[in-house]
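A short worksheet on the structure shown next.
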Amino acid sequence: MTAIAMHSAALAKRSLIKTMRTPEALIDVTIQPVIFLLLFTYLFGGAIADGDRHAYLQFLLPGMLAQSLAMGGVALGQNLNADIEKGVFDRFRSLPISRAAPLIGAVSADVIRYLSVCVSLLVFGTIMGFRVETGILPALGAVALSIGFGLCFCWISVWVGMMVRTSGAVQGIMFLLVLPLTFGSNVFVSTETLPGWLQAFVAVNPITPLVEAIRGLLVGGPVAGPLTTTLLWMGGLLVVFVPLALRAYSRRA
1 MTAIAMHSAA LAKRSLIKTM RTPEALIDVT IQPVIFLLLF TYLFGGAIAD
51 GDRHAYLQFL LPGMLAQSLA MGGVALGQNL NADIEKGVFD RFRSLPISRA
101 APLIGAVSAD VIRYLSVCVS LLVFGTIMGF RVETGILPAL GAVALSIGFG
151 LCFCWISVWV GMMVRTSGAV QGIMFLLVLP LTFGSNVFVS TETLPGWLQA
201 FVAVNPITPL VEAIRGLLVG GPVAGPLTTT LLWMGGLLVV FVPLALRAYS
251 RRA
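Going by the UniProt record's numbering, the first residue of the sequence shown is number 1, and it counts up by one from there.
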């Protein structure tokens, strides 16, 4: 187990160095979420919140945090797929390391991407007028929960990256999954405003309890129930997609 941790840490360092040398790869977790926050706040805030854009910003930002983290994992599957196509994983296979280390290392390095999402949205949201209403510790809890969910959810992208033949296909497939999950949730509007059939989908959507938990931790509201549901979803994602990703990697590499 120690050997796996050491090998994974070394490959995580490789991924971090690669990110530092290509900082433009962080655009989707820094600038893009801020642009979405601006657009949705000022385009729809007046209509949805009866003209009170500040109230809508308080409602929207926790949801945007969840959406941006779900979208942020798409790049991981693309990068891993591109490494396989370039023969990088052939080199990993020739090394005396655990077969799981390249995937675990890549996922571990993605913590920086998810932390970038949280910092970008919270800092820029504060400039726009967003205020944490619960305190510093609940806010840190919201950040930790967000990053934890992102690390679990990104294993879907890892699995897809191992299964398909091109990095472009990874993006297409993942957006087909992420967009319905994020827009068909309580990210942008309250569940009560949706038609009945869509409310049924929102109720079983893993993004919904995550958003409710983040909102509760940042601006107040129920936390225990949504948090428990989110943790169960996180465990389920790991149980299902980590073995699938490792098995697909073994066959592919």
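Even glycine gets a Cβ: it sits at the ideal position worked out from N, Cα and C.
Asked                                                                                                                                                         : Found
Kindly confirm or deny that the segment 110–125 and the segment 184–204 touch, where touching means at least three C-beta pairs closer than 8 Å.              : no
Assuming residue 187 and residue 20 are in contact, meaning their beta carbons sit under 8 Å apart, how far apart are those beta carbons, in whole angstroms? : That pair is no contact at about 31 Å.
Would you be able to state if there are at least three C-beta pairs under 8 Å between the segment 73–87 and the segment 161–179?                              : yes
At what residue ranges does the segment 58–130 contain a whole run of the alpha helix (DSSP H), taking only runs of 4 or more?                                : 74–86, 88–94, 101–109, 111–128
Between residue 125 and the rest of its own chain, which residues show a CB-CB distance below 6 Å, the 5 nearest in sequence each way excluded?               : 61
Buried or exposed for residue 92, please, with buried defined as at least 16 other CB atoms from any protein chain shown within 10 angstroms of its CB.       : buried
Just to confirm the assignment, what range does the alpha helix (DSSP H) spanning residue 193 have?                                                           : No alpha helix (DSSP H) holds residue 193; DSSP gives it neither H nor E.
Going by Cα to Cα distance, which pick from 224, 68, 150 is closest to residue 28?                                                                            : 68
My guess is that residue 120 and residue 202 are in contact by the Cβ rule of under 8 Å, so how many angstroms apart are they, rounded?                       : Contact doesn't hold; Cβ gap of about 26 Å is too wide.
Cα-Cα, which of 127, 18, 146 is closest to residue 218?                                                                                                       : 146
Can you look up residue 50 in the DSSP assignment and give me helix, strand or coil?                                                                          : coil
CB residue 207 to CB residue 66, shorter than 8 Å?                                                                                                            : yes
What first and last residue would you give for the alpha helix (DSSP H) that runs through residue 167?                                                        : 167–183
Less than 8 Å separating the beta-carbons of residue 174 and residue 248?                                                                                     : no
Run through DSSP, which three-state label would residue 222 get?                                                                                              : coil
Taking C-alpha atoms, which residue in 223, 101, 131 lies nearest to residue 256?                                                                             : Because the chain in this structure spans residues 1 to 253, residue 256 falls outside the shown range and cannot be described.
In whole angstroms, give me the CA-to-CA distance for residue 95 and residue 17.                                                                              : 20 Å
Who are the Cβ neighbours of residue 70 in its own chain at under 7 Å, not counting the five residues just before and after it?                               : 153, 178, 181, 182, 207
Nearest to residue 234 by CA position, among 191, 72, 148, is which residue?                                                                                  : 148
Would residue 200 be called buried (16 or more neighbouring beta carbons within 10 Å of its own) or exposed?                                                  : exposed
Whole angstroms are fine: how far does the CA of residue 118 sit from the CA of residue 171?                                                                  : 22 Å
Measure the C-alpha to C-alpha separation of residue 138 and residue 216 and round it to an integer number of angstroms.                                      : 9 Å
When the Cα of residue 55 is compared with those of 204, 131, 74, 116, which residue comes out closest?                                                       : 131
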